[in-house]
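Undergrad:
Residue numbers (this note's numbering), protein chains in the order written: chain B, 296 to 662; chain X, 296 to 662.
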């Protein structure tokens with residue numbers, strides 16, 4: 296917030312739309328943010344760090360920009376609608392084909408099911424790094440190697456993990472990694488990034504065409520990165536806020552943040568297992584920041600409402616924009632109650648939440 | 296800035312992704328912003344005010360979402376690349392046809408040239424309300440009536456005029472009005488709006504598909520507005536900042552702001568006409584906030600550089616992402632030096648700038 300406020304109060308200009316000192320200052324800030332993203336995600340070049348409004352836009356840019364008529368794409372069984380909805384639209388619009396690879400939730404890294412689902416026209420693997428419903432996290436390098444071996448685009452939804460895991464797009468062979476600023480990167484909402492490989496970034500048809508402040512003499516979109524994929528006035532306050540968030544996360548280290556959050560998640564799961572009437576659906580797995588539970592007597596939305604109203608505990612209930620994942624997990628259509636832990640939560644926050652859950656469970660009708 | 300900061304510090308939640316009180320507060324803020332946009336632009340319903348990252352995204356959503364293979368579209372000769380580049384892409388991707396209607400810069404409201412350019416497959420008129428190069432502003436109602444008469448979509452780029460003119464999309468029959476928050480609406484960069492007619496909003500294929508927090512049980516995009524056109528986490532700080540900007544503008548009134556800016560523009564144009572070596576290209580027209588001049592001895596970028604370096608006057612030189620407009624105006628490829636005046640500028644700002652221009656012109660080599 297402070298970084299955003301300072302930028303808006305002291306500069307507020309757009310990069311690339313003028314050569315006055317204040318515009319150059321904005322350009323330097325945006326370039327520095329690009330370098331921050333390059334370093335954080337191991338991109339080949341700062342130009343491969345494309346700023347987008349969020350993970351959803353980034354995933355749409357990659358899926359709509361890379362998939363051609365007749366292409367076949369493999370997705371995991373835990374995908375968010377940010378992947379499933381654009382793919383469903385592309386099925387209708389371009390006749391692409393989608394196969395959902397059925398994985399065991401306890402063995403999300405299994406390669407065989409992915410290989411078995413391949414066809415001659417398979418062109419892409421699209422997978423979330425971690426499920427936004429149950430937090431289960433996959434080993435990206437396994438799918439990255441598979442993509443390289445079979446000459447496929449590898450698109451990753453890192454909304455749940457950017458900031459919690461060290462992700463190096465170059466060593467893991469990711470062609471397009473989409474992330475949001477407002478989750479574990481501690482940036483503001485409304486900004487995110489798409490880290491592209493030079494090959495994918497150049498092959499990707501832009502989702503939005505328009506003024507880039509470059510090659511203004513032509514009505515063709517510039518071919519080069521990042522301008523090719525960044526049309527229109529940039530969200531400079533958001534970019535500056537995102538960079539400040541990444542700097543903050545880097546200073547602590549994603550590993551230390553993840554260990555803290557894992558510790559909270561495990562404490563929570565262990566506690567939930569002692570509460571009659573509340574079932575955690577992920578006892579044996581490694582969670583990221585999110586843990587889903589199913590209340591056995593009252594509905595997820597009722598439990599979520601009472602947690603907020605009576606205890607000030609804010610959680611999301613239902614399907615979390617991921618119906619495919621809930622179908623796979625057997626929690627469709629009622630969904631789950633999802634708890635998310637962050638760097639600023641403490642053990643006592645977890646204990647307080649467990650006490651609230653226990654009190655609500657014991658006060659259920661019929662108990 | 297204050298509104299954004301307060302939202303981030305005191306709420307920061309996303310609407311539609313949880314039912315806790317803080318999420319409902321965010322939802323109420325976003326809904327209030329939608330109502331602000333509905334009232335300001337005369338939309339049929341708050342749901343017809345769609346939040347987008349800016350005018351460029353909004354124009355892409357309208358053009359890509361409404362034009363079908365084989366359609367013909369009419370554009371003015373003063374369009375920005377936010378219109379021209381997506382149309383050029385659609386020419387290649389979908390075989391749409393584009394006709395640039397040649398208007399006289401002093402008579403941009405002439406209907407005959409638009410009617411003469413129509414074909415049996417004409418489906419849309421797309422036009423900027425005011426040119427971003429010379430500020431000339433058209434009477435939208437003339438084109439709106441024409442669109443209604445011929446059953447065409449009417450898409451308007453209001454980046455230069457939203458906040459300066461009273462635009463009522465319902466009475467002028469606009470199907471999609473795109474605007475940016477950061478210009479005369481005094482909001483932050485990175486947020487804008489697309490005001491749609493109910494018919495166009497429902498017909499428009501989404502540009503971005505994904506989670507909307509609604510109908511989470513299905514992998515199909517919701518059909519209803521605004522969710523249909525708003526996927527992914529919203530830029531809530533930007534939306535709150537935009538609404539605060541519109542409130543500020545409304546309290547003064549666009550008419551009063553426009554009169555002030557017109558007064559500054561006319562003072563500037565009259566002054567430029569007294570300076571040998573600097574030519575204003577729009578003496579007789581009604582400018583909005585922007586005025587373009589052409590220096591006769593040094594280049595536009597040199598003049599812009601010296602204005603900033605020696606006098607702290609920040610202007611944009613070149614083609615302003617609008618090569619078609621400059622070709623039409625005869626200022627291609629060198630472009631112009633564009634001055635923009637705002638509500639916070641004063642007569643003495645104009646006089647100071649004129650003195651700077653006169654000093655630079657008289658110090659030119661050879662003078």
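Note that beta-carbon positions come from the ideal geometry of N, C-alpha and C, so glycine has one too.
Does residue 432 of chain X come out as helix, strand or coil in the three-state DSSP assignment?
TA: Position 137 of the second chain, counted from the first residue, corresponds to residue 432 of chain X. Strand at residue 432 of chain X.
Undergrad: Exposed or buried, which one is residue 508 of chain X when buried takes at least 16 other CB atoms within 10 Å?
TA: Translated into the one-based positions of the second chain, residue 508 of chain X becomes position 213. With 16 or more Cβ atoms within 10 Å of its Cβ, residue 508 of chain X is classed as buried.
Undergrad: Should residue 387 of chain X be labelled buried (16 or more other beta-carbon atoms within 10 Å of its own) or exposed?
TA: To locate residue 387 of chain X, count along the second chain from 1; it is residue 92. Under this definition residue 387 of chain X is an exposed residue.
Undergrad: Could you name each continuous alpha helix (DSSP H) segment of 4 residues or more that falls completely within the segment 396-480 of chain B, going from the start of the chain to the end?
TA: 407-411, 435-445
Undergrad: Buried or exposed: which applies to residue 433 of chain X, given that a residue is buried once 16 or more other Cβ atoms fall within 10 Å of its Cβ?
TA: Counting from one through the second chain, the residue named residue 433 of chain X turns up at place 138. Buried, because 16 or more other Cβ atoms sit within 10 Å of the Cβ of residue 433 of chain X.
Undergrad: Name the residues in the segment 585-610 of chain X whose C-beta lies less than 9 Å from a C-beta of chain B; which are they?
TA: 596, 599, 600, 602, 603, 604, 607, 608, 609, 610
Undergrad: Can a CB atom of chain B be found closer than 8 Å to the CB of residue 474 of chain X?
TA: By one-based count along the second chain, residue 474 of chain X stands at place 179. By this cut-off, residue 474 of chain X is not an interface position.
Undergrad: For residue 603 of chain B, count neighbouring C-beta atoms within 10 Å of its own C-beta (all shown protein chains included) and say buried if the count is 16 or more, exposed if not.
TA: Numbered from 1 along the first chain, position 308 holds the residue referred to as residue 603 of chain B. Counting Cβ neighbours within 10 Å, residue 603 of chain B comes out buried, since at least 16 surround it.
Undergrad: Should residue 313 of chain X and residue 610 of chain B be called a contact, given that it needs their Cβ atoms to be closer than 8 Å?
TA: Looking up residue 313 of chain X in the second chain gives position 18. Looking up residue 610 of chain B in the first chain gives position 315. Yes; because the gap between Cβ atoms is below 8 Å, this pair is in contact.
Undergrad: I think residue 318 of chain B touches residue 332 of chain B, with their Cβ atoms under 8 Å apart; what is that distance to the nearest whole Å?
TA: Position 23 of the first chain, counted from the start, is the residue given in the question as residue 318 of chain B. Position 37 of the first chain, counted from the start, is the residue given in the question as residue 332 of chain B. Going by Cβ atoms, the distance from residue 318 of chain B to residue 332 of chain B rounds to 21 Å, so no, they are not a contact pair.
Undergrad: Counting beta carbon pairs with one atom in the segment 589-607 of chain X and one in the segment 526-538 of chain X, are three or more of them shorter than 8 Å?
TA: no
Undergrad: Write down the C-beta distance between residue 586 of chain B and residue 564 of chain B rounded to the nearest angstrom, noting that I regard them as a contact closer than 8 Å.
TA: As a position in the first chain, residue 586 of chain B is number 291, starting the count at 1. As a position in the first chain, residue 564 of chain B is number 269, starting the count at 1. With a Cβ gap of about 6 Å, residue 586 of chain B and residue 564 of chain B count as contacting.
Undergrad: Mind pulling the chain X residues with CB within less than 7 Å of residue 383 of chain B?
TA: For the purposes of this step, residue 383 of chain B is taken as the residue at position 88 of the first chain. Here the neighbours are 514, 515.
Undergrad: Mind listing the chain X neighbours of residue 317 of chain B? Cutoff is C-beta to C-beta under 9 Å, in chain order.
TA: On the first chain, residue 317 of chain B is found 22 positions in, with the first residue counted as 1. Those within 9 Å of residue 317 of chain B in chain X are 603, 609.
Undergrad: Do we get a CB-CB distance below 8 Å when we pair residue 578 of chain X with the residues of chain B?
TA: Position 283 of the second chain holds residue 578 of chain X. Any reading at residue 578 of chain X needs caution, since the residue's pLDDT is 49, under 50, leaving its predicted position unreliable; the model's value is listed next. No, residue 578 of chain X lies away from the interface with chain B (no Cβ there is under 8 Å from its Cβ).
Undergrad: Given a cut-off of 8 Å, decide if residue 350 of chain X and residue 475 of chain X are closer than it, judged by their beta-carbon atoms.
TA: Within the second chain, the letter at position 180 stands for residue 475 of chain X. Within the second chain, the letter at position 55 stands for residue 350 of chain X. Contact flag set, yes.
Undergrad: With DSSP as the reference, label residue 512 of chain B as helix, strand or coil.
TA: On the first chain, position 217 is the one that residue 512 of chain B refers to. Residue state, collapsed to three classes: coil.
Undergrad: By the DSSP assignment, the alpha helix (DSSP H) with residue 320 of chain X in it spans what residues?
TA: For the purposes of this step, residue 320 of chain X is taken as residue 25 along the second chain, with counting starting at 1. Per DSSP, the unbroken alpha helix (DSSP H) holding residue 320 of chain X starts and ends at 316-336.
Undergrad: Using 7 Å as the cut-off, classify the Cβ of residue 479 of chain B as near or not near the heavy atoms of the ligand ZN, replying yes or no.
TA: In terms of ligand content, the structure shown is empty, and the ligand ZN therefore cannot be addressed.
Undergrad: Just to check my reading of the structure: residue 412 of chain X and residue 450 of chain X have Cβ atoms closer than 8 Å, yes? What is that Cβ distance to the nearest angstrom?
TA: Residue 412 of chain X sits at position 117 when you count from the first residue of the second chain. Residue 450 of chain X sits at position 155 when you count from the first residue of the second chain. Residue 412 of chain X to residue 450 of chain X, Cβ: 16 Å. No contact.
Undergrad: Would a C-beta distance cut-off of 8 Å place residue 419 of chain B and residue 447 of chain B closer than the cut-off?
TA: Translated into positions along the first chain, residue 419 of chain B becomes position 124. Translated into positions along the first chain, residue 447 of chain B becomes position 152. Contact: yes.
Undergrad: Run the CB neighbour count on residue 546 of chain X, radius 10 Å, all protein chains shown included, and call it buried at 16 or more, exposed below.
TA: For this step, residue 546 of chain X is matched to residue 251 along the second chain. Counting C-beta atoms within 10 angstroms of its own C-beta, residue 546 of chain X has fewer than 16 neighbours from the protein chains shown and is therefore classed as exposed.
Undergrad: Identify every residue that forms a DSSP beta bridge with residue 631 of chain X.
TA: As a working mapping, residue 631 of chain X is identified with position 336 in the second chain. Answer is X:613.
Undergrad: Could you check how far apart the C-beta atoms of residue 369 of chain X and residue 406 of chain X are, in whole angstroms? I think they sit under 8 Å.
TA: On the second chain, position 74 is the one that residue 369 of chain X refers to. On the second chain, position 111 is the one that residue 406 of chain X refers to. So it is not a contact: roughly 12 Å between Cβ atoms.
Undergrad: Can you give, in chain order, each stretch of the alpha helix (DSSP H) that sits fully within the segment 581-608 of chain X and has at least 4 residues?
TA: Those alpha helix (DSSP H) runs which fall completely within the segment 581-608 of chain X and span 4+ residues are 595-606.
Undergrad: Could you work out which residue in X:612, X:512, X:558, X:653 is closest to residue 640 of chain X when comparing CA atoms only?
TA: Position 345 of the second chain, counted from the start, is the residue given in the question as residue 640 of chain X. Ranking X:612, X:512, X:558, X:653 by Cα distance to residue 640 of chain X puts X:558 first.
Undergrad: Under 8 Å between beta-carbons, which chain B residues line up against residue 503 of chain X? List them in chain order, please.
TA: Your numbering for residue 503 of chain X matches position 208 in the second chain. Near residue 503 of chain X (Cβ distances below 8 Å), the residues of chain B are 351, 352, 355, 381, 502.
Undergrad: Do residue 477 of chain X and residue 528 of chain B have their beta-carbon atoms positioned less than 8 Å apart in this structure?
TA: As a position in the first chain, residue 528 of chain B is number 233, starting the count at 1. As a position in the second chain, residue 477 of chain X is number 182, starting the count at 1. At the C-beta level, residue 528 of chain B and residue 477 of chain X come within 8 Å of one another.
Undergrad: Do residue 589 of chain B and residue 550 of chain B come within 8 Å of each other at the CB atom, strictly closer than that value?
TA: Within the first chain, the letter at position 255 stands for residue 550 of chain B. Within the first chain, the letter at position 294 stands for residue 589 of chain B. Result no, Cβ atoms of residue 550 of chain B and residue 589 of chain B do not sit closer than 8 Å.
Undergrad: To the nearest angstrom, report how far apart residue 510 of chain X and residue 517 of chain X are at their CA atoms.
TA: Numbered from its first residue, the second chain carries residue 510 of chain X at position 215. Numbered from its first residue, the second chain carries residue 517 of chain X at position 222. About 7 Å.
Undergrad: Rounding to the nearest angstrom, what Cα-Cα distance links residue 579 of chain B and residue 431 of chain B in this structure?
TA: Residue mapping note: residue 579 of chain B aligns to position 284 of the first chain, counting from 1. Residue mapping note: residue 431 of chain B aligns to position 136 of the first chain, counting from 1. The pLDDT assigned to residue 579 of chain B is 47, lower than 50, so where the model puts this residue is not dependable; a value taken from the coordinates is nonetheless given after this. Distance between the alpha carbons of residue 579 of chain B and residue 431 of chain B is about 10 Å.
Undergrad: Less than 8 Å between the beta carbons of residue 360 of chain B and residue 502 of chain B, yes or no?
TA: To locate residue 360 of chain B, count along the first chain from 1; it is residue 65. To locate residue 502 of chain B, count along the first chain from 1; it is residue 207. Yes, the Cβ-Cβ distance between residue 360 of chain B and residue 502 of chain B is below 8 Å.
Undergrad: Of all the options B:656, B:456, B:593, B:329, which has the alpha carbon lying nearest to the alpha carbon of residue 635 of chain B?
TA: Position 340 of the first chain holds residue 635 of chain B. Nearest C-alpha to residue 635 of chain B: B:456.
Undergrad: I'd like the list of long-range same chain contacts for residue 494 of chain B, defined as Cβ closer than 8 Å, with 5 residues on each side in sequence excluded.
TA: By 1-based counting over the first chain, the position of residue 494 of chain B is 199. Taken in chain order, the residues that qualify are 470.
Undergrad: Determine which residues of the segment 296-314 of chain X have a Cβ less than 7 Å from any Cβ of chain B, and write them out in chain order.
TA: 296, 300, 303, 304, 309, 312, 313, 314
Undergrad: Beta-carbon within less than 8 Å of residue 526 of chain X's beta-carbon, same chain only, minus the 5 sequence neighbours each way: which residues are those?
TA: Residue 526 of chain X sits at position 231 when you count from the first residue of the second chain. Sequence-distant partners of residue 526 of chain X (beyond 5 residues in either direction) whose C-beta falls short of 8 Å from its own C-beta, in its chain, are 501, 503, 504, 505, 506, 507, 516.
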